[in-house]
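Asks:
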Amino acid sequence: MKKKLGLAVGVALTAALALAGCSGASESGGKPSAATINIGSVYEPQNLDNTAGGGQGVTEALNGNVYEGLFRLTDEGKVENLLASKYTKSSDGLTYTFTLRPGVTFHSGAKLTSADVKDSIEKVTADDSQSARKSSLAPIESIDTPDASTVVVHLSSRSISLPYNLSYVWIIDHAAKNLKTTEDGTGPYELDTWKHGSSLSLTRYSKYWGTAAKNAGVVFHYYSDATALNNALLTNAVDVVTSEQSPDALSQFTGNSSYRVTDGKSTTKLLLAFNDKVAPFDKVEVRKAVTSAIDNKKLLKSIWGDYGTLIGSMVPPTDPWYENLTKVNPYDVSLAKKELAQAGYAKGFTFTLDTPNYDPHPAAAQIIKSDLAKVGITVKINIITPDTWYSKVYQAHDFQATMQEHVNDRDVVFYGNPDFYWGYDNPKVTGWVNDAEKAQTTTEQTDLLKKVNTQIAEDAASDWLYLYPQIVVASSKLSGYPVNGLNSQFYAYDIVKK
Amino acid sequence: MLSYLLRRLAFLVITLVLASIVLFVLLRLLPGDPANALLSVGATKEQIQAAREHVGENLPLVVQFFRWFGQLARLDLGTSYISGLAVGPEIASRLVVTVPLTLMAFVLAVLIAVPVGFIAAHRADRWYGILLSAVSQLGIAVPVFWIGVLLVSFFALTLKVLPAGGFPQDDWSDPGAALQSLALPVLTVALVMAASITRYVRSAVLDVLGSDYLRSSRALGAGFAEAMWRHGLRNASVPVISILGIELATTFLGAVVVESVFALPGLGSMLLTSIAQHDYPDIQGILFVSTFAVLIVGFLADLAQRLVDPRLRATVSGNRRGAAGAVEAVRP
Numbered sequence: 001m002k003k004k005l006g007l008a009v010g011v012a013l014t015a016a017l018a019l020a021g022c023s024g025a026s027e028s029g030g031k032p033s034a035a036t037i038n039i040g041s042v043y044e045p046q047n048l049d050n051t052a053g054g055g056q057g058v059t060e061a062l063n064g065n066v067y068e069g070l071f072r073l074t075d076e077g078k079v080e081n082l083l084a085s086k087y088t089k090s091s092d093g094l095t096y097t098f099t100l101r102p103g104v105t106f107h108s109g110a111k112l113t114s115a116d117v118k119d120s121i122e123k124v125t126a127d128d129s130q131s132a133r134k135s136s137l138a139p140i141e142s143i144d145t146p147d148a149s150t151v152v153v154h155l156s157s158r159s160i161s162l163p164y165n166l167s168y169v170w171i172i173d174h175a176a177k178n179l180k181t182t183e184d185g186t187g188p189y190e191l192d193t194w195k196h197g198s199s200l201s202l203t204r205y206s207k208y209w210g211t212a213a214k215n216a217g218v219v220f221h222y223y224s225d226a227t228a229l230n231n232a233l234l235t236n237a238v239d240v241v242t243s244e245q246s247p248d249a250l251s252q253f254t255g256n257s258s259y260r261v262t263d264g265k266s267t268t269k270l271l272l273a274f275n276d277k278v279a280p281f282d283k284v285e286v287r288k289a290v291t292s293a294i295d296n297k298k299l300l301k302s303i304w305g306d307y308g309t310l311i312g313s314m315v316p317p318t319d320p321w322y323e324n325l326t327k328v329n330p331y332d333v334s335l336a337k338k339e340l341a342q343a344g345y346a347k348g349f350t351f352t353l354d355t356p357n358y359d360p361h362p363a364a365a366q367i368i369k370s371d372l373a374k375v376g377i378t379v380k381i382n383i384i385t386p387d388t389w390y391s392k393v394y395q396a397h398d399f400q401a402t403m404q405e406h407v408n409d410r411d412v413v414f415y416g417n418p419d420f421y422w423g424y425d426n427p428k429v430t431g432w433v434n435d436a437e438k439a440q441t442t443t444e445q446t447d448l449l450k451k452v453n454t455q456i457a458e459d460a461a462s463d464w465l466y467l468y469p470q471i472v473v474a475s476s477k478l479s480g481y482p483v484n485g486l487n488s489q490f491y492a493y494d495i496v497k498k
Numbered sequence: 001m002l003s004y005l006l007r008r009l010a011f012l013v014i015t016l017v018l019a020s021i022v023l024f025v026l027l028r029l030l031p032g033d034p035a036n037a038l039l040s041v042g043a044t045k046e047q048i049q050a051a052r053e054h055v056g057e058n059l060p061l062v063v064q065f066f067r068w069f070g071q072l073a074r075l076d077l078g079t080s081y082i083s084g085l086a087v088g089p090e091i092a093s094r095l096v097v098t099v100p101l102t103l104m105a106f107v108l109a110v111l112i113a114v115p116v117g118f119i120a121a122h123r124a125d126r127w128y129g130i131l132l133s134a135v136s137q138l139g140i141a142v143p144v145f146w147i148g149v150l151l152v153s154f155f156a157l158t159l160k161v162l163p164a165g166g167f168p169q170d171d172w173s174d175p176g177a178a179l180q181s182l183a184l185p186v187l188t189v190a191l192v193m194a195a196s197i198t199r200y201v202r203s204a205v206l207d208v209l210g211s212d213y214l215r216s217s218r219a220l221g222a223g224f225a226e227a228m229w230r231h232g233l234r235n236a237s238v239p240v241i242s243i244l245g246i247e248l249a250t251t252f253l254g255a256v257v258v259e260s261v262f263a264l265p266g267l268g269s270m271l272l273t274s275i276a277q278h279d280y281p282d283i284q285g286i287l288f289v290s291t292f293a294v295l296i297v298g299f300l301a302d303l304a305q306r307l308v309d310p311r312l313r314a315t316v317s318g319n320r321r322g323a324a325g326a327v328e329a330v331r332p
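Listed in order, the protein sequences are those of chains A and B. Counted from 1, the first sequence has number 251 at position 251 by the UniProt record's numbering; the numbering is strictly sequential. Counted from 1, the second sequence has number 85 at position 85 by the UniProt record's numbering; the numbering is strictly sequential.
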């Protein structure tokens with residue numbers, strides 16, 4: 001009797017809640033312009049400021065949507081004018097004069113002026129800035145604001161990437177406060193609510209200077225679990241998943257006409273990074289041998305199935321200086337053995353691989369271990385947390401080899417810095433990287449960085465295991481969403497729901 | 001009773017102060033650097049130093065402690081290093097999810113476990129008694145996330161009657177939507193909790209069924225139901241109440257897995273993120289509030305036991321008349 005009562009209560013509660021669920025009005029339907037788009041993501045912003053450790057989640061949600069730069073990096077990787085209507089460069093390349101677009105207002109109502117631009121750039125270059133872009137803006141010596149719509153930037157040395165680098169600098173109202181938790185940008189959306197741990201909603205900004213967003217607003221829903229995120233898409237709780245992290249789950253979408261799966265261009269590389277300064281990886285032959293002994297094709301297949309690309313070096317296809325270098329150190333076990341013998345390690349050696357504890361590193365480490373065992377190299381896998389990775393590997397350089405994802409485009413230039421964590425030091429490469437930044441033309445820049453790319457591949461500075469796929473899964477009712485999401489940006493203003 | 005309450009209150013305050021010291025020191029003993037969460041690959045040495053200064057890691061530990069303790073005394077839990085949000089309101093916004101989840105699951109679990117446990121004990125020799133006992137054993141062995149996944153797959157993905165996860169952005173302003181979101185997590189936690197409580201109820205009831213006083217009561221002419229009602233249930237409930245307190249506290253602290261499976265913005269998921277980032281103000285705030293909640297639950301369980309069993313009241317208050325009364329009340 002009492003058992004029945006207990007079960008009945010449980011069933012009744014579930015049924016009541018289920019009925020409540022049925023009565024809840026669905027958000028779908030209505031005019032496209034009135035629709036709110038629900039976006040699912042695993043990258044939650046840690047805070048809302050991209051100069052204070054907000055992480056890649058803040059770029060995804062706010063870059064181009066809430067905040068804008070003088071320039072915009074399109075989803076195809078091109079740099080376009082945005083808040084700068086035009087710019088001129090002095091003949092020595094040391095002075096850039098930017099003219100601001102008229103009629104731009106911040107969400108607070110304040111008008112955009114050159115003072116805001118100066119302040120925003122100086123926020124990134126400030127001593128206490130935590131912006132990842134700080135060092136790329138190091139050539140900026142001073143900024144003048146001769147009038148409200150003109151900004152003059154003086155450089156200490158030529159910087160051909162300046163417009164590109166400025167595409168990451170958000171122009172913020174200089175009077176704005178508490179940017180970690182609020183915003184004051186010029187973008188097509190303004191921040192509605194940020195519910196930390198759950199969601200972030202943006203609504204269309206009615207006084208936007210440009211073409212208004214095609215939807216009424218967007219809500220980013222955050223999930224720590226990839227399965228929960230996929231379930232949200234399957235139950236229409238979200239309309240699109242910005243970056244699918246669970247390839248095993250794709251089959252439930254690829255075979256279903258209600259969803260569209262796109263395989264876009266990513267900029268995220270998975271690296272087996274050697275410490276090029278310590279034995280045995282201080283020898284080029286050893287690095288080449290290890291690279292040739294690992295079957296990257298099999299590795300990619302086992303982790304991402306039919307998705308992802310092999311690139312053979314640090315440059316993704318969306319960078320202007322991309323070349324397919326997979327043949328430089330091909331998968332060839334006998335070649336690997338020969339190179340090991342040349343380096344004096346005919347019987348192999350043992351090394352420790354510091355492996356981040358999250359996917360796909362532990363699985364990749366096992367495959368690497370098994371491949372290297374075939375040439376006599378023993379791998380000791382040391383699983384570490386991201387925090388330990390940062391202290392031990394990045395800061396202290398206390399490692400032999402490690403694995404890491406490098407997410408940004410144009411980051412081949414890290415190989416020009418001999419003090420970087422992997423310790424690669426080739427003066428020729430350092431010179432080319434520096435010269436490329438001071439180049440007169442983009443052709444000259446491209447040629448130099450192609451040389452860098454080829455040289456680091458020939459030196460097997462690291463083993464570039466593969467380039468991640470950028471898989472976006474969306475409801476087939478959705479259109480206008482970015483499929484490449486370079487550097488984690490996700491422009492939401494053109495998304496339309498049928 | 002009043003002196004007992006005052007003593008418990010003093011105990012609560014002293015425990016909280018000691019806990020705050022212990023958790024502050026223990027957190028600092030853990031390896032890791034809170035500044036790392038603010039930094040990315042490409043950060044320069046100057047940026048690393050600036051991040052350290054931002055999180056106050058350059059200050060002596062004693063200064064850091066008294067700064068935090070001073071805030072605590074003003075009922076201010078500080079500001080997160082990473083998110084920049086005030087810790088107190090942030091915890092409050094998470095409790096809006098975790099507390100209803102825990103309490104609803106608890107009530108449902110008790111409603112299931114008490115009758116099931118009773119039948120499993122009273123009919124221990126029948127097939128259904130054995131079955132209930134076996135099912136409860138199985139329930140303890142099955143991981144909570146697995147039950148969650150099964151329920152999602154059935155109610156959300158197949159029947160499509162309940163959401164698979166998430167919580168409304170505007171919290172409880174639409175109670176129907178909030179309840180829908182909590183339905184499956186509540187059921188998941190309740191099933192696991194019920195399995196565990198059932199085992200305790202069963203053994204407590206078995207204990208009572210084999211007791212002399214119940215046999216005596218029956219011998220003096222009371223029917224089974226009357227004997228159980230007058231003496232059995234009260235005695236069986238004393239150990240069960242203490243287990244219920246522990247279960248409630250464990251669920252409150254252990255909601256991490258369920259919150260992850262159902263993407264709920266609760267206290268558990270906040271703790272998990274904060275630990276990964278070494279966000280000390282967040283971690284300290286959560287652990288402080290959790291310690292407080294566990295102490296309150298323990299206190300309430302203690303109080304409930306005393307209300308049920310007057311002998312316990314007597315041992316603390318020294319009320320001899322009460323003690324005599326208690327013996328009279330529980331003896332047949």
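Beta carbons: idealized from backbone N, C-alpha and C, even for Gly. Keep in mind it's a predicted model, so treat the numbers as computed, not measured.
Could you tell me which chain A residues have their CB closer than 9 Å to the CB of A37/B, listed as they occur along the chain?
Replies: Simply Q46, G53, G55, P386, D387 and Y390.
Asks: Find the nearest neighbour of G285/B within the set A19/B, G165/B and H54/B, judged by alpha-carbon distance.
Replies: With distances taken between Cα atoms, G285/B lies closest to A19/B.
Asks: Closer than 9 Å, Cβ to Cβ, to anything on chain A: give me those residues from the segment 10-33 of chain B, in chain order.
Replies: Result list: P31, G32 and D33.
Asks: Under the rule that 16 or more other beta-carbon atoms within 10 Å means buried, what is V17/B, buried or exposed?
Replies: So V17/B counts as exposed.
Asks: Along chain B, which residues have their Cβ under 8 Å away from the Cβ of D319/A?
Replies: Going along chain B, no residue has its Cβ under 8 Å from D319/A, so there is no contact; the nearest lies around 16 Å.
Asks: Starting from the C-beta of G217/A, find all residues in its chain whose C-beta is less than 8 Å away, skip the five residues before and the five after it, and write them out in chain order.
Replies: Only T36, I37, Y189, D192, S201, L202, T203 and R204 meet the Cβ criterion.
Asks: Taking 7 Å as the threshold (beta carbon to beta carbon), is P265/B in contact with chain A?
Replies: With 7 Å as the cut-off, P265/B counts as an interface residue toward chain A.
Asks: Can you check DSSP and say which residues form a bridge with Q404/A?
Replies: Answer by DSSP bridge pairing, in chain order: L271/A.
Asks: Measure the Cβ-Cβ separation of S136/B and R199/B and say whether it is below 7 Å.
Replies: In contact: S136/B and R199/B (Cβ atoms closer than 7 Å).
Asks: At 7 Å on the CB atoms, spell out the chain B contacts of H221/A, in chain order.
Replies: Under the 7 Å cutoff, chain B gives G166.
Asks: Quick one: using the 10 Å Cβ neighbour count with 16 as the cut-off for buried, is W146/B buried or exposed?
Replies: Classification of W146/B: exposed, given that the 10 Å Cβ count is below 16.
Asks: Could you tell me the alpha carbon to alpha carbon distance between L73/A and D409/A, rounded to whole angstroms?
Replies: C-alpha separation (whole angstroms): 11 Å.
Asks: In the DSSP assignment, what residue or residues form a beta bridge with S479/A?
Replies: Per DSSP, V496/A.
Asks: By Cβ distance below 8 Å, which residues in the same chain neighbour V327/B in space, the five residues on each side in sequence not counted?
Replies: Confidence at V327/B is low in this model, with a pLDDT of 35, below 50, so the placement of that residue should be treated as unreliable; the coordinate-derived value is given next. Result list for V327/B: R311, in chain order.
Asks: If you follow the beta strand (DSSP E) that W464/A is part of, which residue opens it and which one closes it?
Replies: From DSSP, the beta strand (DSSP E) with W464/A extends over S462 to L467.
Asks: State the DSSP-derived secondary structure class of A279/A, mapped to helix, strand or coil.
Replies: If DSSP states are grouped into helix, strand and coil, A279/A belongs with coil.
Asks: Could you tell me the distance, in whole angstroms, from the CA atom of P362/A to the CA atom of R101/A?
Replies: Using only the alpha carbons, I get a separation of about 49 Å.
Asks: Please go through the same chain and pick out, in chain order, the residues whose beta-carbon is closer than 6 Å to the beta-carbon of P239/B, but skip the five residues on each side of it.
Replies: Result list for P239/B: A204, in chain order.
Asks: Select from A436/A, K118/A and S479/A the residue whose C-alpha is nearest the C-alpha of V413/A.
Replies: Nearest option by C-alpha distance: A436/A.
Asks: Express the C-alpha separation of L48/A and N178/A in angstroms, rounding to a whole number.
Replies: Whole-angstrom Cα-Cα distance: 9 Å.
Asks: State the DSSP-derived secondary structure class of G148/B, mapped to helix, strand or coil.
Replies: Three-state DSSP puts G148/B in a helix.
Asks: Beta-carbon separation of D411/A and N382/A under 7 Å?
Replies: The answer is no: Cβ separation not under 7 Å.
Asks: Could you check what DSSP says for N36/B in three-state terms: helix, strand or coil?
Replies: Helix at N36/B.
Asks: Could you give the DSSP three-state label for Q137/B: helix, strand or coil?
Replies: Note: Q137/B maps to helix in three-state DSSP.
Asks: Compute the distance between the beta-carbons of P139/A and V79/A, then report whether it is under 7 Å.
Replies: No.
Asks: Mind checking whether E122/A and V473/A have CB atoms under 7 Å apart?
Replies: Going by C-beta atoms, E122/A is not nearer than 7 Å to V473/A.
Asks: So which of F252/B, S211/B, A249/B and I246/B has the shortest CA-CA distance to G232/B?
Replies: Comparing Cα positions, the closest option is S211/B.
Asks: Could you give the DSSP three-state label for N296/A: helix, strand or coil?
Replies: In this structure, N296/A counts as helix in the three-state DSSP scheme.
Asks: List, in order along the chain, the chain B residues whose C-beta lies closer than 8 Å to that of K195/A?
Replies: S93, Q169 and P265, listed in chain order.
Asks: Under 8 Å between beta-carbons, which chain B residues line up against Y415/A? List them in chain order, please.
Replies: What Y415/A touches in chain B: nothing, since even the nearest Cβ is about 13 Å away.
Asks: Around the C-beta of N487/A, are 16 or more other C-beta atoms found within 10 angstroms, so that it is buried, or is it exposed?
Replies: Its Cβ being crowded by 16 or more others within 10 Å, N487/A is buried.
Asks: Only counting the same chain, and skipping five residues up and downstream in sequence, which positions put a Cβ closer than 7 Å to that of T145/A?
Replies: The answer, listed in chain order, is S114, A115, K118 and V151.
Asks: Does the CB of M193/B have a neighbour CB from chain A at under 7 Å?
Replies: No, no contact with chain A.
Asks: Name the residue from F292/B, A304/B, L307/B and V308/B whose alpha carbon lies nearest to the alpha carbon of L12/B.
Replies: L12/B has its Cα closest to that of F292/B, out of F292/B, A304/B, L307/B and V308/B.
Asks: Quick one: what does DSSP say G376/A is sitting in, helix, strand or coil?
Replies: It is coil, neither helix nor strand.
Asks: List the endpoints of the continuous beta strand (DSSP E) containing A84/A.
Replies: A84 to K89 is the extent of the beta strand (DSSP E) around A84/A.
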